[in-house]
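J.:
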Amino acid sequence: MKKILLIESDLKLLTQTQDFLSNKNFDVITTSEGASGIQKALEYLPEIILCDSDVPGLNGFEIFNTLLQINSTAIIPFVFLMNKASSEDVRAAMNLGADDYLEKPFNQNDLLKLIEIRLEKQEKIIGLADEKFNTLMEYSTDGVFIYQDEKLSYVNKKFCDFVSYSKRELIGMNLVNIIYKDDIHLVIDKISRLLKGIHKDIQTEFRAISGDQKIIKFILSGSTISVKGKKSIIGTVKLKEDIVNGAFVPKKCDLNITQREKEILQLICEGCSNSEIAVKLNISDRTVEGHRANLLNKTESRNTASLAVFAIRFGFYQLT
């Protein structure tokens with residue numbers, strides 16, 4: 001069921017709209033206050049946000065600006081609900097980057113149509129981003145996996161090669177099934193602590209049993225991410241003999257990544273080429289290449305795919 005966050009100061013309109021959308025099989029989360037709207041957006045990560053431009057406390061424009069600065073909420077479609085919208089208000093909303101607006105009072109069916117159009121467009125964008133991300137991950141020299149609800153929801157080709165299982169066999173499998181029995185408690189305990197927020201990331205050694213019954217020694221690194229609103233773990237595995245002097249990915253807090261480098265890092269994760277990044281940021285190809293080289297050096301990444309894994313692990317890029 002798709003989640004909609006409705007932020008509306010008119011309690012009568014709030015109730016009417018909630019009832020209408022609930023009857024259309026949407027899960028509607030509501031609030032009449034700006035600060036609460038931001039909190040609920042972060043908590044529920046809805047598929048779309050409908051926001052009164054004149055909500056008390058933080059107004060709609062302030063709410064939108066705040067959510068735009070947070071990776072996990074920046075890509076959520078945002079629609080302003082406006083009282084007698086002036087051309088200046090509409091222009092301000094569009095200049096900020098809002099997806100659409102609707103003038104109050106509005107026809108509920110018009111609202112439904114707007115929501116359906118925005119959700120359909122968002123699904124296409126997400127589908128394209130997922131395709132580019134998956135393509136990028138396939139080139140990683142590390143095994144990469146995403147673990148959600150005690151199941152593997154994504155594995156790249158290198159991970160499959162390491163453990164001698166096909167992607168079809170691994171998707172939906174509990175990680176326990178490939179861990180050597182004496183190491184199960186160690187790995188599961190670390191994963192549990194990670195999901196509970198006790199640790200921000202994990203790095204540990206463990207032994208795995210491959211599909212052809214060989215014991216493999218791995219170095220595991222992992223951290224939490226949000227995938228489609230669910231807390232998940234993204235992890236990388238390296239063969240222990242490939243690790244030289246315990247060279248792990250450096251901690252995020254140890255790095256001095258500039259705002260421009262963060263912007264480029266996000267576009268790299270979206271599969272953009274140097275030329276595409278240059279156009280989007282209005283800079284030269286050579287400048288992009290220089291920033292990319294700096295990022296590879298700072299993160300000790302061997303290639304673009306490893307750089308993307310780093311970005312996701314340390315919160316510079318959010319999977320939808």
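Start counting the sequence shown at 1; every next residue gets the next number (our numbering).
For every residue, glycine included, the Cβ atom is placed at its ideal position computed from N, Cα and C.
Model, not experiment: these values are computed from the prediction.
Can you look up N27 in the DSSP assignment and give me helix, strand or coil?
T.: Translated into positions along the sequence shown, residue 27 becomes position 27. According to the sequence as given, residue 27 is Asp; it is not Asn. DSSP places D27 in strand when its eight states are reduced to three.
J.: So what's L45 in DSSP terms, helix, strand or just coil?
T.: As a first step, residue 45 is located in the sequence shown; it is residue number 45 there, counting from the start. Coil.
J.: Out of P77, G222, E88, E263, state which residue places its alpha-carbon closest to the alpha-carbon of G321.
T.: The shown model of the chain, from 1 to 320, leaves out residue 321, and the question about it has no answer.
J.: Name the residue from M173, F133, E123 whose alpha carbon lies nearest to the alpha carbon of Y147.
T.: As a first step, residue 147 must be located in the sequence shown, where it is residue number 147. Of M173, F133, E123, the residue nearest in Cα terms is M173.
J.: Which residues share a DSSP beta bridge with R207?
T.: Against the sequence shown, residue 207 aligns to sequence position 207. Bridge partners of R207: K217.
J.: For the beta strand (DSSP E) containing T236, list its first residue and its last residue.
T.: If you number the sequence shown from 1, residue 236 lands on position 236. Its beta strand (DSSP E) spans residues 230-239.
J.: Does the segment 208-218 touch the segment 284-298, meaning 3 or more C-beta pairs lie closer than 8 Å?
T.: no
J.: Taking the beta carbon of I312 as the centre, do at least 16 other beta carbons fall within 10 Å, making it buried, or is it exposed?
T.: Numbered from its first residue, the sequence shown carries residue 312 at position 312. Classification for I312: buried.
J.: For S223, which beta-bridge partners are listed by DSSP?
T.: Taking the sequence shown and counting its residues from 1, one reaches residue 223 at position 223. Looking at the DSSP assignment, S223 forms a beta bridge with D201, I234.
J.: How far does the beta strand (DSSP E) with M173 in it reach, from first residue to last?
T.: As a working mapping, residue 173 is identified with position 173 in the sequence shown. Where M173 is concerned, there is no enclosing beta strand (DSSP E), given that its DSSP letter is neither H nor E.
J.: Closer than 6 Å by C-beta to K240: which residues in its own chain qualify, once you throw out the five before and the five after it? Chain order, please.
T.: Here residue 240 is taken as the residue at index 240 of the sequence shown, counted from 1. Answer for K240: K217, I219, listed in chain order.
J.: Starting from the N-terminal side, write out each stretch of the beta strand (DSSP E) that is 3 residues or longer and does not extend beyond the segment 110-195.
T.: Qualifying beta strand (DSSP E) stretches, in chain order: 143-148, 151-155.
J.: If you draw a straight line from the C-alpha of E152 to the C-alpha of I188, how long is it?
T.: Within the sequence shown, the letter at position 152 stands for residue 152. Within the sequence shown, the letter at position 188 stands for residue 188. Position check: residue 152 holds Leu in this sequence, whereas Glu was assumed. So the alpha carbons of these two residues sit roughly 14 Å apart.
J.: May I ask you to report which of helix, strand or coil DSSP gives V279?
T.: The count along the sequence shown starts at 1 and reaches residue 279 at position 279. In the three-state reduction of the DSSP assignment, V279 falls in the helix class, which pools H, G and I.
J.: Look up N83 in the DSSP assignment and give the residues it is bridged to.
T.: Within the sequence shown, residue 83 is the residue found at index 83, counting from 1. BP columns for N83 point to K104.
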